[in-house]
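K.L.:
Line by line, the protein sequences give chains A and B.
Per the working numbering, residue 1 is the first one in the first sequence, and the count goes up by one each step.
Per the working numbering, residue 1001 is the first one in the second sequence, and the count goes up by one each step.
Glycine included, each C-beta is placed from N, C-alpha and C at the ideal position.
Just so it is clear, the structure is predicted and the values come from calculations on it, not from any experiment.
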Amino acid sequence: MTVTWQTLADALSLGGIYALMAVGIGLVFGVLRLVNFAYGQLIMAGAYAIAYASVWGWPSWAGILLCFGVVLALSVLLDRLVFRPLRTHSPAVMLVATFAIAFLLQSIAVLSFGQLGTVASTLGPLNQPWDIGGVEIRKIAIVSIVIAAVCLALLQLLLTRTSVGLQMRAAAMDFRTARMLGVRANRVIGGAVLISGLLAAISAFMLTARNPQVTPIFALDDTIIVLAGVVLGGLNRPIPATLGGFTIGFASGILGGGLPTNQSQYLPTFLFGAVILVLLVRPNGLFARGGSEERL
Amino acid sequence: MRRVVELAAPVALVLATALLGLAVSTALQTYFLDTLVKVAIVVALYVFIGNSGVLSFGHISFVALGVWTAGVLTVPEGQKNAIMPGIAHFLLHTNVGNAWSLVLAAAVGLAFAFAVGLPLMRLSGLAAGIATFGVLEIVNNVLRYDDRIGPGLNAFSSVPETTGIWQAAIGALICVVVAYAYQRSRYGRQLRATREDPAAASAAGISIYRQRLLAFAVSGALAGLAGGLYVHLLPIEIDSLYLDLTFITLAMLVVGGSGSLLGAVVGALAVGGLDSFLSAAENGVDIFGWHLNLPTDTSALTVGALMALVLVYRPGGLTGGHELSLALPRFRKDGDG
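1. Under the DSSP definition of a beta bridge, which residues are partnered with A/R138?
2. Does B/A1008 pass the burial test, meaning 16 or more other C-beta atoms within 10 Å, or should it be called exposed?
3. Evaluate the contact criterion for the stretch 1050-1062 of chain B versus the stretch 1089-1100 of chain B: three or more CB pairs, one atom per stretch, below 8 Å.
4. Along the stretch 115-135 of chain A, where does the CB come closer than 7 Å to a CB of chain B? Name the residues.
5. If you count every other CB in all the chains shown that lies within 10 Å of the CB of A/Q128, and 16 or more means buried, which is it?
6. Measure the beta-carbon distance from A/G234 to A/A148 and round it to whole angstroms, keeping in mind my assumption that it falls under 8 Å.
7. What is the residue span of the alpha helix (DSSP H) that B/H1089 lies within?
8. Which residues in the same chain as A/G290 place their Cβ atom closer than 8 Å to its Cβ, once the five residues preceding and following it in sequence are excluded?
9. Under the rule that 16 or more other beta-carbon atoms within 10 Å means buried, what is A/T122, buried or exposed?
10. Using beta carbons (cut-off 8 Å, strictly below), is B/V1254 in contact with chain A?
11. Return the CA-CA distance between B/G1335 and B/V1177, expressed in angstroms with no decimal places.
12. Compute the distance between the beta-carbons of A/P212 and A/V119, then report whether it is under 8 Å.
13. Taking its Cβ as the centre, do 16 or more other Cβ atoms sit within 10 Å of A/S54, making it buried, or is it exposed?
14. Using a beta-carbon distance below 8 Å, is B/D1239 in contact with chain A?
15. DSSP three-state label for B/L1292, please.
16. Okay, do the stretch 192-212 of chain A and the stretch 42-49 of chain A touch, 3+ Cβ pairs below 8 Å being the bar?
17. Which of the three DSSP states, helix, strand or coil, is assigned to A/S292?
18. Given that a residue counts as buried once 16 or more other Cβ atoms are within 10 Å of its Cβ, and exposed if not, what is A/P216?
19. Any idea what DSSP makes of A/V214, helix, strand or coil?
20. Check whether the stretch 180-189 of chain A touches the stretch 4-22 of chain A, taking contact to mean three or more Cβ pairs, one atom from each stretch, closer than 8 Å.
21. Against A/L273, what residues of chain B qualify as contacts under a CB-to-CB distance less than 7 Å, listed in chain order?
22. Give the interface partners of A/T269 over in chain B, defined as CB-CB distance under 7 Å, in chain order.
23. If you draw a straight line from the alpha carbon of A/S264 to that of A/S112, how long is it in whole angstroms?
24. Closer than 8 Å, CB to CB, is A/A97 near chain B or not?
25. Kindly indicate if chain A contains any beta-carbon less than 8 Å away from that of B/Y1145.
26. Using alpha carbons as the reference points, say which of B/E1237, B/V1108, B/I1165, B/W1100 lies closest to B/A1023.
27. Starting from B/I1287, follow its DSSP beta bridges and name the residues at the other end.
28. Only counting the same chain, and skipping five residues up and downstream in sequence, which positions put a Cβ closer than 6 Å to that of B/H1322?
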């Protein structure tokens, strides 16, 4: 196994992107008890926005703006139409529902944009290497490490220093008690969905820069791996979720880049083997909050 | 009497589908065959998910193992080297007939589900969903890339195409009858008790873990059998036994109503029929003089939307989780089934 500087930088940036996605999934889980399987399709929609903006000849900033608009609109729409009506159902039912939404969005993409995909060429310059002390590293790797670090720091501030952030954390601990103490359910859920959407849009931008070929299954594999990482870390607390996402992104970046193909193709087996092991070592899973649920 | 009616309804539906399949042209018959195999898969899903109330994303991996077992053992010996160049020696020279390949597919499904269930059946809720999803990922990953045990990314071609309408119908009927026998047995009732109220069931001395494990193994066997039927139907690839099939079969179960055997069969037939019709229309069909030609993936779109709508507005599914009953419905507040 050989690890070059480029591999290391790529792995760090993948870890950063996955950490953001993990927080995005974790925040919504915290307030809604909903594992959003369709998160990857939100990112896919954002990536298509960038790709089509580039096809229409828009400058890259306009494409990124469109990406934010599309992803935010779609997350609010999903929240209103699907997540809120299902709020009282069991987490398993909601997981199945988001599974259905994921397929729905994917087939809408196939219907409207075709199977083959579109190239987001405006972000091409970000794929050029930078020469740092004789070592060549792709710009996007550096950019996404910086963006991820800034976003995570801002999130930490939001969650610990603002009232909506504190309410979100309180709701993640115990939604019912939080409501009794005056936390407005809709405000907290709306906030979490919006932030989660913002993170999806940012991830869409960075993933598109890494891989400009946007297809209907864009970010599907990434989401599956991030879900595994979030489970490893712990879903309803932001920091463990972030760490889980980062670890699994970094590990798959290093192993995927450093190992020969005939070994790295078995990466999902190792990752999911690890997930199952973690779930088993803590029999209630890392999902149980406060250890009070599902003790049977 | 009640038992006869409850079992007769799903059996009659399967038989009616088979008879209808006999009446139509060969081209159309493919859709009926496919739907009958899906009935078998959905009933297998129902045995576990319906009776236990625990979610499983892993059952398609049992189907995949059934496909693999029956496929690898029935490719004619002369062609094994051509289809599976890297195949291990002991698989190269082992061949069985049609019936044995189906029995072995069920046996492999049973053994694997039991082995996986031993650790995993301690989990429930979301953790069970994610862990079984992991099983699906791992089985798919290994079967896809390890060419010592199978054709890898290639299709299982040259497998004798023995799944005609009768084999498909008999296979689906076996699944229905086993599922019914299981749910009426004391084990099935115990598991349903744990679904309704885990705490009370535990207090009554039911081991949730054991009952779930038993149901998981039984449904694994049925899923393996369904896989055997599938590979004898058409040259199938491992890649088509992954997320798409998981999605469509879960959609069938949810739309029909995961609380009853009738729901599983009705859901499989209704969604299967709709899906078949739309897939046919994607290639262009003529109905009543109208020429209908839908764009690709319309069927996935419709099924996805249907599933989401049912989950939001009618969580009990079409049947509301009830078996067919001749008695007049009693007046009561209708729950979610």
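P.N.:
In brief:
1. Within the first sequence, the letter at position 138 stands for residue 138 of chain A. A/R138 pairs with A/P129.
2. Counting from one through the second sequence, the residue named residue 1008 of chain B turns up at place 8. B/A1008 should be labelled exposed.
3. no
4. none
5. Within the first sequence, the letter at position 128 stands for residue 128 of chain A. Per the 10 Å Cβ criterion, exposed.
6. What you label residue 234 of chain A is simply residue 234 of the first sequence in a count that begins at 1. What you label residue 148 of chain A is simply residue 148 of the first sequence in a count that begins at 1. The Cβ separation is near 19 Å, so there is no contact.
7. Stepping through the second sequence from its first residue, residue 1089 of chain B is reached at position 89. 1089-1092 is the extent of the alpha helix (DSSP H) around B/H1089.
8. The residue given as residue 290 of chain A occupies position 290 in the first sequence. Legend: pLDDT at A/G290 = 49, less than 50; position of this residue unreliable, no value from coordinates given.
9. If you number the first sequence from 1, residue 122 of chain A lands on position 122. Result: buried.
10. Taking the second sequence and counting its residues from 1, the one referred to as residue 1254 of chain B is at position 254. It does; some Cβ of chain A falls within 8 Å.
11. Position 335 of the second sequence, counted from the first residue, corresponds to residue 1335 of chain B. Position 177 of the second sequence, counted from the first residue, corresponds to residue 1177 of chain B. The predicted position of B/G1335 is uncertain, since its pLDDT is 44 and thus under 50; a value taken from the coordinates is nonetheless stated next. The straight-line gap from Cα to Cα measures roughly 27 Å.
12. To locate residue 212 of chain A, count along the first sequence from 1; it is residue 212. To locate residue 119 of chain A, count along the first sequence from 1; it is residue 119. Contact: yes.
13. Within the first sequence, the letter at position 54 stands for residue 54 of chain A. So A/S54 counts as buried.
14. Taking the second sequence and counting its residues from 1, the one referred to as residue 1239 of chain B is at position 239. Judged by the 8 Å Cβ criterion, B/D1239 is not in contact with chain A.
15. The residue labelled residue 1292 of chain B in the question sits at position 292 within the second sequence. Correct three-state label for B/L1292: strand.
16. yes
17. Numbered from 1 along the first sequence, position 292 holds the residue referred to as residue 292 of chain A. Low local confidence applies: a pLDDT of 40 at A/S292 is under 50, so the model's placement there is unreliable, with the coordinate-based value given in what follows. In this structure, A/S292 counts as coil in the three-state DSSP scheme.
18. By 1-based counting over the first sequence, the position of residue 216 of chain A is 216. Answer is buried; the Cβ neighbour count reaches 16.
19. Counting from one through the first sequence, the residue named residue 214 of chain A turns up at place 214. Three-state DSSP puts A/V214 in a strand.
20. no
21. Here residue 273 of chain A is taken as the residue at index 273 of the first sequence, counted from 1. Strictly speaking, residue 273 of chain A in this sequence is Gly, with Leu absent from that position. Those are I1138, listed as they occur along chain B.
22. Numbered from 1 along the first sequence, position 269 holds the residue referred to as residue 269 of chain A. Ordered by position in chain B, the residues that pass the 7 Å Cβ test against A/T269 are I1138, N1141, V1142.
23. As a working mapping, residue 264 of chain A is identified with position 264 in the first sequence. As a working mapping, residue 112 of chain A is identified with position 112 in the first sequence. Their backbone Cα atoms lie some 34 Å apart in a straight line.
24. Taking the first residue of the first sequence as 1, we reach residue 97 of chain A at position 97. Interface residue, yes.
25. Along the second sequence, read from residue 1 onward, the residue named residue 1145 of chain B stands at position 145. Yes, B/Y1145 counts as interfacial toward chain A.
26. As a first step, residue 1023 of chain B is located in the second sequence; it is residue number 23 there, counting from the start. Comparing Cα-Cα distances from B/A1023 to each of B/E1237, B/V1108, B/I1165, B/W1100, the minimum goes to B/I1165.
27. Within the second sequence, the letter at position 287 stands for residue 1287 of chain B. DSSP lists B/W1290 as partners of B/I1287.
28. On the second sequence, position 322 is the one that residue 1322 of chain B refers to. Taken in chain order, the residues that qualify are S1260.
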